[in-house]
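If you're matching them up, the sequences are chains A and B in order. Sequential numbering from 294 applies to the first sequence in the working numbering. Sequential numbering from 349 applies to the second sequence in the working numbering. Glycine included, every Cβ here is placed at the ideal spot set by N, Cα and C. Computed from a prediction, not measured in an experiment: that's the story for all the values here.
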Amino acid sequence: MTKLYQVLTPEGELAEDISGRITPDLMIDMYKKMVLVRTFDRKCIILQRQGRLGTYAPFEGQEAAQVGSAMALRAGDWMFPTYRDHAAAIVHGHSLVRVFLYWMGHSDASVCPEDKRILPQCVPIATQMLHAMGAAWASKLKGEQTVSIAYLGDGATSEGDFHEALNFAGVFRAPVLFFCQNNGYAISVPFSRQSASRTIAQRAAAYDIHGVRVDGNDVFAVWLTVQDAVQRARVGGGPALIEAVTFRYGAHTTADDPKKYRDQEVLAQEWRRRDPVDRLRRFLEKQGLWNDEQEAAWQRQVGETIESALAEAEAFPKPQPADMFAHVYAEMPWHIREQQQELQRVLNEGGMQA
Amino acid sequence: MSRKLTMLQAIREAMDQKLTDDPRVMLLGEDIGVNGGVFRATEGLIEKYGAERVVDTPLAESGIVGTAIGLALNGMIPVVEIQFLAFIYPGFEQVVSHAARMRYRTRGQFSVPMVIRTPYGAGIRGPELHSESVETFFAHTPGLKVVVPATPYDAKGLLISAIEDPDPVVFLEPTKIYRAFSEEVPEEMYRVPIGKARVVQEGSDLSIFAWGAMLRVAMKAAADIEREKGWSCEVIDLRTLYPLDRDCIIGSVKKTGRALIVHEAHKTAGMAAEIIALINDEALLYLKAPIRRITGFDVPVPQFSLEDDYLPTEARVKLGITETILF
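Pasting the structure below:
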């Protein structure tokens, strides 16, 4: 269980035969999605520096983990992401526009497309694991073939809800996947200080559920692992805990300075060698599946896609003060209605004075 | 047809009927299945509906509430039992950070119709942390509804409404009166609306607001005062603490010109403070005397050797009535 499953080496070589399991088209699709989300992530940091986005949580370095896992899901599956999993949410069907809106502090940001089941980015740590467990349990009770996946980080494994979710999942054999991106740091605290257990995957044994440790920078290994866990879960094989070992190059959020707590240059350089995007590109090029021309064309397209989403997000109707009172309850109670009217009255009078 | 039921029996009947009525309803909690709950509120239901719908969960309050949120997201209607109100603290984050906010965060796209039932309040000689009355925590949380029945009839009708409510409802069951008395409860399903108070007794000199187990204390004090001094008190059972029934509260105060609030929760930032503020906003000039509140004290609920001294007594309520009327 402590073994790290790897298929695609950092040099872009295959460690095992995957023919018939991952088609060339799928490989190219994985690459394109990883480039898209990396470019998106870098853009978000720039926008934050320009003051066009609020505090932002970057994920660069974790593209293979997020993209590979999300690509293993079907449209009807439930996703419970954290605030660092926008790449997974985008791959599962969330729009770039809404993700931009979230970091712009827009109240409409967490609405996902009608036919998708992507929950809002979860801010409290590990709490969403229980929601995924409950949703998966409901799928089982209703006899649906859908699974739920909860994303979490290594810090979440210290929370009580991590244990409660794994325990419930084990007891009720729900079709739920707990996908941990172990990026080595919970803000500033290294994993060695987070947990005395050498791996996260080994915790699965305590709850008698399926546990796998995978190279989180290897999109093939991630996809195959999650695909396997999803298929098991769909047919009643129960839950899984997957530890994807990875690294975030940047800060916890744009409000944080990683130089304070880790040797940024050495570590980032070491992890760049294992970079998930470069690794796949090397492989694709060696296979004759990708070249500079395609790269330039895709980069151009990605740039346009992101610019267009940004333009849409920035032109999105600004929320009106009255909007904050909506959707607290199915039906608005008297006191909220009156507070809404009170604010409106003040705003109207202010407008008249101006 | 109706029979005499205790509050516990009425609560059990509400769950029983909703389990029959709606296949999405399921019960979750510690010891609620085979054991029928520590107070036996769910007794017999596992035999009738099976272990998939009446679920003995692992001992984990956050796990229970958090899992129920997921169940509700995916089409079920979970009715959670927390053994005692103070045991909800490990699950508090799930209640306030998620259950209460899911509809708001998703602009109505996802919601969590669920009920959290929990015995609460002092007066049963329970150990530490079995007697708390912290309804304010929940009444301070937008997105939740907070309901407290004071009679078997209301308990059944309010619980059915709570289970059918599209929003999460915290349903506080006053432990002291679970079995204290019986009253006529119709056999059929009926609803008592959430958000509506009940005028238990009309009066002209003073309005008394109470809920849960304190309603009986208020009633007794009002009866004694009427007999002893001839003052007539209007007694109102609030039934829902959030959102409050403003019209009922203000209408009564405008009529009587005086108000007294009785609750067993701590005084500071208790619900009485909110009710006083509401009356201040809406009926200040009708008042003939300052509004008083008879409450539990601002101390941790003591162990049961002092429990009766902590709780508002009829004597304290009578004193409050007298001081208000003679002001």
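Check, Outcome
"Any 3 or more C-beta pairs closer than 8 Å across the region 395 to 407 of chain B and the region 441 to 451 of chain B", "no"
"Rounded separation between Ala420(B) and Ile480(A) - CA only", "32 Å"
"Beta-carbon proximity list for Ala647(A), same chain, < 6 Å, skipping 5 on both sides", "Annotation note: pLDDT 46 at Ala647(A) (below 50); position unreliable, coordinate value reported separately. Here the set comprises nothing."
"Residues near Glu550(B) by beta carbon distance below 6 Å, same chain, minus five either side", "Glu582"
"8 Å contact criterion, which Val507(A) and Tyr298(A) should meet: CB distance rounded", "5 Å"
"Below-8 Å beta-carbon distance, Ser451(A) vs any chain B residue", "no"
"Pair within 8 Å by beta-carbon distance, Arg391(A) and Ala402(A)", "yes"
"Near-chain B residues of the region 536 to 558 of chain A - C-beta to any C-beta below 9 Å", "none"
"Cβ shell of Glu680(B) (< 6 Å), same chain only, five flanking positions each side left out", "Outside the displayed range of chain B (349 to 675) lies residue 680(B), so it cannot be described from this structure."
"Residue closest to Glu429(B), alpha-carbon to alpha-carbon, out of Val382(B), Gly423(B), Ile464(B)", "Ile464(B)"
"Beta-carbon proximity of Val548(B) to Ile584(B), cut-off 8 Å", "yes"
"Interface flag, Ala647(A) vs chain B, CB-CB below 8 Å", "The pLDDT assigned to Ala647(A) is 46, lower than 50, so where the model puts this residue is not dependable; a value taken from the coordinates is nonetheless given after this. False, the Cβ-Cβ gap to chain B never drops below 8 Å."
"Identified DSSP bridge partners for Glu532(B)", "Lys352(B)"
"Buried versus exposed call for Glu407(A) [16 or more other C-beta atoms within 10 Å across all chains shown]", "exposed"
"Beta-carbon spacing of Phe387(B), Pro467(B) below 8 Å", "yes"
"Which residues DSSP lists as bridging His611(B), in chain order", "Thr643(B)"
"Any non-hydrogen atom of the ligand ZN within 7 Å of Phe435(B) CB", "The model depicted lacks the ligand ZN and carries no ligand whatsoever."
"Contacts of Gly474(B) in chain A (Cβ-Cβ under 9 Å)", "Those do not exist, as Gly474(B) stays about 25 Å from chain A at its closest Cβ, beyond 9 Å."
"Inter-residue CB distance, Met327(A) and Val523(A) (contact presumed, cutoff 8 Å)", "Between Val523(A) and Met327(A) the Cβ distance is about 20 Å, and since that is not below 8 Å, they are no contact."
"The region 580 to 602 of chain A: positions lying closer than 8 Å to chain B by Cβ", "none"
"Beta-carbon gap between Val460(B) and Ile417(B) smaller than 8 Å", "yes"
"Start-to-end residues for the beta strand (DSSP E) that takes in Phe373(A)", "371 to 373"
"Pair within 8 Å by beta-carbon distance, Ala566(B) and Val665(B)", "yes"
"Proximal chain B residues relative to Asp401(A), where beta-carbon distance stays under 7 Å", "Arg455"
"Three-state class that DSSP yields for Cys581(B) in the structure shown", "strand"
"Strand pairing of Gln474(A), partner residues [DSSP]", "Gly446(A), Ala537(A)"
"Distance between Phe618(A) and Val639(A) (C-alpha atoms, nearest Å)", "15 Å"
"Cβ of Phe458(B) within 8 Å of any chain D Cβ", "Among the protein chains of the structure shown, namely A and B, there is no chain D."
"Rounded C-alpha distance that separates Tyr542(A) from Asp571(A)", "14 Å"
"Beta-carbon gap between Ile493(A) and Leu459(A) smaller than 8 Å", "no"
"Cβ pair Val469(A), Ser441(A) closer than 8 Å", "yes"
"Cβ shell of Asn475(A) (< 6 Å), same chain only, five flanking positions each side left out", "Asp447, Ile493, Glu536, Val538"
"Contact with chain B by Trp430(A), beta-carbon distance below 8 Å", "yes"
"Helix, strand or coil at Ala647(A) according to DSSP, with G and I counted as helix", "With a pLDDT of 46 at Ala647(A), under the threshold of 50, the predicted position of this residue should be treated as unreliable, and no value is reported."
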